[in-house]
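If you're matching positions, the sequence shown starts at 1 in UniProt numbering and goes up one per residue.
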Amino acid sequence: SKLELMCRFSELHQVYSAVWEHGNESRQLVSSSGGPGSVSTTLPLPITSDVVGRYTCVLQLKNGQIIRADTVITMPSKVPLVAAAVGVLLWRQKHISDRGIE
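This is the structure in structure tokens:
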């Protein structure tokens with residue numbers, strides 16, 4: 001499985017180059033064209049500590065201006081699963097104690 005990061009832009013005639021960069025400059029990303037007006041990069045799943053961080057889509061315009069759009073990839077939270085398990089255990093405990101009162 002992979003996670004695809006996509007960057008889309010509309011004024012094709014104004015864009016000189018479009019690439020993805022990672023906050024860790026030693027991490028090399030492969031940017032590929034997703035067709036006219038888009039550039040993408042893929043990240044391996046599951047997300048691990050070496051993949052997390054800030055990813056930036058960098059558009060260099062023909063007039064020299066640079067436009068950046070950032071997204072942050074974080075480690076998935078394990079809290080919801082734990083919270084759900086605790087919730088089920090508390091419900092079960094209450095259900096059993098309610099039956100004992102009858």
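Note that CB positions come from ideal geometry on N, CA and C, so glycine has one too.
Who does residue i pair with in a DSSP beta bridge?
i	result
Pro76	Pro76 pairs with nothing; no bridge assigned.
Val15	Leu61
Where do the N-terminal and C-terminal ends of the beta strand (DSSP E) with residue i fall, by residue?
i	result
Lys2	2 to 8
Arg54	53 to 61
Val39	38 to 44
Skipping 5 residues on each side, what residues in its chain have a beta carbon closer than 8 Å to that of residue i?
i	result
Leu45	Ser1, Lys2, Leu3
Ser32	Val39, Ser40, Thr41
Counting only the same chain and skipping the five closest in sequence on each side, list residues whose C-beta sits under 6 Å from that of residue i.
i	result
Asp70	Arg54, Thr56
Glu21	Thr56, Val58
Taking its Cβ as the centre, do 16 or more other Cβ atoms sit within 10 Å of residue i, making it buried, or is it exposed?
i	result
Val30	exposed
For residue i, which residues of its own chain have a beta-carbon under 7 Å away from its beta-carbon, when the five flanking residues on both sides are left out?
i	result
Gly34	Met6, Ser40
Any 3 or more C-beta pairs closer than 8 Å across the stretch 8 to 18 and the stretch 57 to 70 | Flag = yes, the stretch 8 to 18 and the stretch 57 to 70 touch.
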